[in-house]
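When we follow the numbering used here, the leftmost residue of the sequence shown carries the number 5, and every step to the right adds one.
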Amino acid sequence: MPSGGGASSLADGEWHRMHPLTPLFKGGLALIIVAGIVIGNLRDQLVYWFVAVLAPGVDLGEDQPDPGSDPFGWIIRNGLLVWALLALLIVLAVLVGAFWVQWRFHQFRITGDDVEVRRGLVFRSHRRAPLDRVQGVNLTRPFPARLIGMAKLEVVGAGADANVALEYLATERAERVRGDILRLASGARAARQAARDAAAGIAPAPRERLIQALNGGVTGMIEGVDHADLVPESVVKIPAGRLVGAHALSALPWIGFAFLAVGVALAVAAANVADDPGGLLLLAGTALGTGLPAVLTVFAVLWSQIARSLRYSIAPTPDGVRVTFGLFTTVTETLPPGRIFAVEVSQALLWRPFGWWSIRINRMSGKSMMQDQSSAGQQFNTVLPVGTREDVERVLGLILPDMPHADRALVWEHGLLGPAAGDPFRTIPARGWWRRPVSWRRHGAFVTAYALLLRRGRIWRRLAVFPLARLQGFSIAQGPVDRLQRLAWAQAHTVMGPVSGRVTGLERDDAVELLQSVSRGAVAAAAEDRSHRWMQHVAAAAPEREA
5 MPSGGGASSL
15 ADGEWHRMHP
25 LTPLFKGGLA
35 LIIVAGIVIG
45 NLRDQLVYWF
55 VAVLAPGVDL
65 GEDQPDPGSD
75 PFGWIIRNGL
85 LVWALLALLI
95 VLAVLVGAFW
105 VQWRFHQFRI
115 TGDDVEVRRG
125 LVFRSHRRAP
135 LDRVQGVNLT
145 RPFPARLIGM
155 AKLEVVGAGA
165 DANVALEYLA
175 TERAERVRGD
185 ILRLASGARA
195 ARQAARDAAA
205 GIAPAPRERL
215 IQALNGGVTG
225 MIEGVDHADL
235 VPESVVKIPA
245 GRLVGAHALS
255 ALPWIGFAFL
265 AVGVALAVAA
275 ANVADDPGGL
285 LLLAGTALGT
295 GLPAVLTVFA
305 VLWSQIARSL
315 RYSIAPTPDG
325 VRVTFGLFTT
335 VTETLPPGRI
345 FAVEVSQALL
355 WRPFGWWSIR
365 INRMSGKSMM
375 QDQSSAGQQF
385 NTVLPVGTRE
395 DVERVLGLIL
405 PDMPHADRAL
415 VWEHGLLGPA
425 AGDPFRTIPA
435 RGWWRRPVSW
445 RRHGAFVTAY
455 ALLLRRGRIW
465 RRLAVFPLAR
475 LQGFSIAQGP
485 VDRLQRLAWA
495 QAHTVMGPVS
505 GRVTGLERDD
515 AVELLQSVSR
525 GAVAAAAEDR
535 SHRWMQHVAA
545 AAPEREA
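Following this line, the structure appears as C-alpha cells:
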C-alpha cells in the first residue's frame, strides 16, 4: 500500500498516509502539558540539584527540599531506580506504539469522484467529500507546524459539518494535493501534472523528505507566501499600516463607549466618597483592578483581529482565487469559480475620508452555524479586509470574472456612490421613509441579466451582488402595515453568510416586477452557467488543438 511518499501525483485512487510526525504533533501537546506539570511539582528538587552540581559547597539550609516530598529520592533510597526506568521505558514504548498505530490507520485517497479520509483501528471513521460538491480547499499552517514544514488541508464541502481534513502533510505535498483536488473538481484531469512529477525522479528517502520539510518550513516563514503560480501584477496586497489603522478605526467607537461608561461610573462613585480619603483610595484601587484588565482585553481582541489579517494577499491561480492571511497561523484558501453565492462591498463612516472599502462573501463553508458565526469563521468570508477603490475593482474582477463591464460601472456610479442622476434602483417611496429615515432614498434593488443588486445604508454604505446563476430563491411578502401602505419587502435566498439578501419598503408593484425579473433571469443564467466545472471545456478542447 502506498505510504504517501514519492513525487508523483497523489490523486491516483490509492490510499496514502499522512506525515509521519502527525501523531506526535496532534498528541504531543498532552505530553508537553504532563511534562510541565511534573516539572512544576519538582521545581524545588530541580533547583536543589542544579545548585548542588554548580556550587556543591553552598548550604541551602531551610530552603533544601523535604526528602519526604521528593519521589525521586524515595525511589533511589528504596532501590527502585531500575524498576522506575523500566516503567518509563514501557510507557514510552506504549506511546510510540500508539502513535505508530494512529499514523498507520490514518489514510486518505483521492479518486476521480471523491476525497476520502479513514482513520482508527477500534473506533473507525470514514469521511468522504464528493468532488462535484467541493466549495474550496483551505491550507492552514499553524505556527508550530510551520516550524517543521507541515500543513493541514481542509476540503470544504457543501453542507454543515461536511468538511474533510487532511492533517498533516508536508507543505510541498499539501500544495500538490490541493492542486490535484481542484483540478479534479474543475473537470480537468491531472495527467500533465502527473507526467511532470513522474519525470522529476525517484522519491527521496523518508529522512531526506523530513529534512526537506524542515528546511521548507523555515524558508517559508522567512519568505512568506509562495506566489510561484500567480500573476504578479494581479496580486492585491494590503499594507500593514492600512490594516492596523482600519481595525483601530472600526474599534474606536466601542473603545470610546467603554471608556465613557467606566468614566461615568467612576465619576458617580467619586462624588459619593468625595469627603472620605480612604474611600477615594479604595475607589482608585478598584478602578485600576477592573479597568486595566478591561483595557487589556480590548487591545488583545484588537490585536488578534489584526494578526489574523496581516500578510493578506489575493491573487488568481489556474485553480481559482487564492486568498492568504495570518501572521502566526497562515491560512491559504482557494476559491474555485462558481462557489461564491453573494458579494458585499461596504464602507464604514470612519473609513470614508481614506476611501477604504471591504468585501465579504457568502460561500458554503462546510462548518456548523456556531463555527461559521465565530470570528475565525467570519475571517473565511472576508476576501478584502480593507482596500482602495482600485483594490475593490481588482478583487471584484477576480471573484466575479463573468460580470459584464456595464454592471461593474453600475456598481460604482449608482450602487456604492449613488444615487446619481438616472438612478435605475427601485427604492423606498416617500410614504415609507420612516422605515429607513436616513437611507430611504438609497435603500433599493435592481436586476441585470447577470445579478441582483441590493443597495443599502447611507452612514454605512453597502452594496450586495447576488449572481443570478447561483441564487437559490427569491420571495416577496407583505405585513399588515405594508398592505395599508401598498409596500412590500423582498428576500434573496442564498447560503448562510454575512451578506444579507433582505430589502424592505419597496413599492408593491416594483416588488412584483422585481420577482418576475429575478425568476426569468435566474433560469436563463443557470442554464448558461458552467463555472462549477470551470476547466472542463479547456480539457475537452486540448485534444482538438493537438490534432
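In this text, a Cβ means the ideal position worked out from N, Cα and C, and glycines have one as well.
When the options are compared against residue i, the one with the closest alpha-carbon
| i | options | result |
| --- | --- | --- |
| residue 332 | 313, 343 and 348 | 313 |
| residue 342 | 14, 86, 180 and 325 | 325 |
| residue 481 | 491, 475, 472 and 169 | 491 |
| residue 315 | 177, 266, 246 and 364 | 246 |
| residue 124 | 498, 160, 516 and 109 | 109 |
| residue 441 | 456, 426, 422 and 461 | 461 |
| residue 423 | 467, 78, 259 and 148 | 467 |
| residue 403 | 426, 413, 347 and 389 | 347 |
| residue 354 | 365, 252 and 389 | 252 |
| residue 241 | 167, 182 and 319 | 319 |
| residue 334 | 445, 383 and 363 | 383 |
| residue 505 | 256, 339, 182 and 447 | 447 |
| residue 15 | 259, 86 and 179 | 179 |
| residue 386 | 521, 92 and 327 | 327 |
| residue 436 | 391, 450, 507 and 420 | 507 |
| residue 255 | 303, 30 and 471 | 303 |
| residue 142 | 339, 388 and 401 | 339 |
Cross-strand partners of residue i (DSSP beta bridge)
| i | result |
| --- | --- |
| residue 493 | 481 |
| residue 320 | 325 |
| residue 309 | Paired residue(s): none; residue 309 is not in a bridge. |
| residue 360 | Answer is none; residue 360 lacks a bridge partner. |
| residue 129 | 123 |
| residue 391 | 361 |
| residue 386 | 364 |
| residue 30 | The partner list for residue 30 (beta bridge, DSSP) is empty, contrary to what the question assumes. |
| residue 20 | 112 |
| residue 467 | 349 and 459 |
| residue 338 | 141 and 326 |
| residue 2 | The shown model of the chain, from 5 to 551, leaves out residue 2, and the question about it has no answer. |
| residue 301 | Partner(s): none; residue 301 has no beta bridge. |
| residue 134 | 118 |
| residue 449 | 430 and 458 |
| residue 240 | 318 |
| residue 404 | According to DSSP, residue 404 bridges with nothing at all. |
| residue 511 | 491 |
| residue 344 | 367 |
| residue 169 | 158 |
| residue 506 | 495 |
Close beta carbons around residue i, own chain, < 7 Å, minus the five adjacent residues each side
| i | result |
| --- | --- |
| residue 117 | 134 and 135 |
| residue 408 | 454 |
| residue 38 | none |
| residue 445 | 423 and 431 |
Same chain only: Cβ atoms within 6 Å of residue i, ignoring 5 sequence neighbours per side
| i | result |
| --- | --- |
| residue 27 | 103, 106 and 107 |
| residue 132 | 118 and 120 |
Local Cβ density within 10 Å of residue i, reported as buried at 16 or more and exposed below that
| i | result |
| --- | --- |
| residue 114 | buried |
| residue 199 | Confidence at residue 199 is low in this model, with a pLDDT of 46, below 50, so the placement of that residue is unreliable and no value is reported for it. |
| residue 360 | buried |
| residue 398 | buried |
| residue 351 | buried |
| residue 189 | buried |
| residue 524 | exposed |
| residue 415 | buried |
| residue 395 | buried |
| residue 36 | exposed |
| residue 362 | buried |
| residue 494 | buried |
| residue 471 | buried |
| residue 366 | buried |
| residue 520 | exposed |
| residue 130 | exposed |
Residues near residue i by beta carbon distance below 8 Å, same chain, minus five either side
| i | result |
| --- | --- |
| residue 22 | 8, 107, 110, 111, 112, 170, 171, 172 and 173 |
| residue 311 | 330, 331 and 332 |
| residue 476 | 345, 497, 498 and 499 |
| residue 488 | none |
| residue 161 | 133, 134, 137, 138, 139, 167, 168, 368 and 370 |
| residue 427 | 418 |
| residue 244 | 314 |
| residue 306 | 251, 252 and 255 |
Check: residue i C-beta below 7 Å from any heavy atom of the ligand PLP
| i | result |
| --- | --- |
| residue 83 | Looking at this structure, you won't find the ligand PLP or any other ligand, since it has none at all. |
CB contact check: residue i to chain B, cutoff 8 Å
| i | result |
| --- | --- |
| residue 476 | Structure shown: chain B not included; a single protein chain is present. |
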